[in-house]
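Novice: Sequential numbering of the sequence shown, starting at -4, is according to our numbering.
For every residue, glycine included, the Cβ atom is placed at its ideal position computed from N, Cα and C.
Please read all numbers here as calculations on a predicted model, not as lab measurements.
Input: one structure, supplied below.
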Amino acid sequence: MLLPTTVVGSYVQPEWLVDRANLKSRLPPRVRAREVWKIPPAHLLEAQDAATPSKTFMIGVLDLGDANVETPEVVATRIRRALDVLPPERVIVAPDCGMKYLSRETAFGKLSAMVKGAAVVRREVVPS
């Protein structure tokens, strides 16, 4: 699928990858905190790569510093700007980092706008 959407930032890491109790004791958690990772250091980068998309670019299309929910058209405009420099098959549409400071209602509204905006641009890139 072109222009897939995802959540990054505060989204939960897989249980097999991270020691959750240790992670919760750090504010904010950091990738460089080696003691939170369950994978041995010799294999950590490979495991982190396996847990995330590779050879693609995640484009942050939501302003998480603003509690106002974007419209799908605002999101579509941001995606189109990314497509000025990247082919759609290399773009993953995402928020701009984590959403842990937003209300659940606002976060859901922003994610809904993100998915709808991606659908608008997807139809433009691959007309039916």
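Using 8 Å as the threshold, is the segment 53 to 64 in touch with the segment 99 to 119, meaning 3 or more CB pairs across them?
Specialist: These segments touch.
Novice: Can you tell me where the beta strand (DSSP E) holding residue 53 begins and where it ends?
Specialist: Numbered from its first residue, the sequence shown carries residue 53 at position 58. Residues 52 to 55.
Novice: On the DSSP bridge assignment, give the partners of residue 88 in chain order.
Specialist: One-based indexing of the sequence shown puts residue 88 at position 93. DSSP, once it has assigned bridges, lists 0 and 54 as partnering residue 88.
Novice: Going by DSSP, what residue range makes up the alpha helix (DSSP H) through residue 41?
Specialist: Position 46 of the sequence shown, counting from 1, holds the residue named residue 41. Counting along the chain, the alpha helix (DSSP H) containing residue 41 begins and ends at 36 to 45.
Novice: Just the C-alpha distance for residue 74 and residue 113, rounded to the nearest angstrom, thanks.
Specialist: Against the sequence shown, residue 74 aligns to sequence position 79. Against the sequence shown, residue 113 aligns to sequence position 118. Between residue 74 and residue 113, the C-alpha separation is close to 7 Å.
Novice: Measure the alpha-carbon distance for residue 7 versus residue 119 and round it to whole angstroms.
Specialist: Along the sequence shown, read from residue 1 onward, the residue named residue 7 stands at position 12. Along the sequence shown, read from residue 1 onward, the residue named residue 119 stands at position 124. Since pLDDT at residue 7 reaches only 46, below the 50 mark, its modelled position is unreliable, and the value read off the structure follows with that caveat. Going by the C-alpha atoms only, they are around 32 Å apart.
Novice: Is the beta carbon of residue 70 sitting closer than 8 Å to the one on residue 109?
Specialist: Numbered from its first residue, the sequence shown carries residue 70 at position 75. Numbered from its first residue, the sequence shown carries residue 109 at position 114. Yes.
Novice: So, with DSSP's three-state summary, where would you put residue 13?
Specialist: Your numbering for residue 13 matches position 18 in the sequence shown. Correct three-state label for residue 13: strand.
Novice: Pick out whichever of 3, 28 and 1 has its Cα sitting closest to the Cα of residue 124.
Specialist: Nothing about residue 124 can be reported from this structure: the residues present for the chain run from -4 to 123 only.
Novice: If you draw a straight line from the C-alpha of residue 38 to the C-alpha of residue 122, how long is it?
Specialist: As a first step, residue 38 is located in the sequence shown; it is residue number 43 there, counting from the start. As a first step, residue 122 is located in the sequence shown; it is residue number 127 there, counting from the start. In a straight line, the C-alpha of residue 38 is about 43 Å away from that of residue 122.
Novice: Rounded to whole angstroms, how far is the Cβ of residue -2 from the Cβ of residue 117, which I believe are closer than 8 Å?
Specialist: To locate residue -2, count along the sequence shown from 1; it is residue 3. To locate residue 117, count along the sequence shown from 1; it is residue 122. Indeed, because the Cβ distance is near 5 Å, the residues count as touching under 8 Å.
Novice: Contact check, residue 90 vs residue 3 under 8 Å by CB: the rounded distance?
Specialist: Your numbering for residue 90 matches position 95 in the sequence shown. Your numbering for residue 3 matches position 8 in the sequence shown. About 6 Å; that satisfies the 8 Å criterion.
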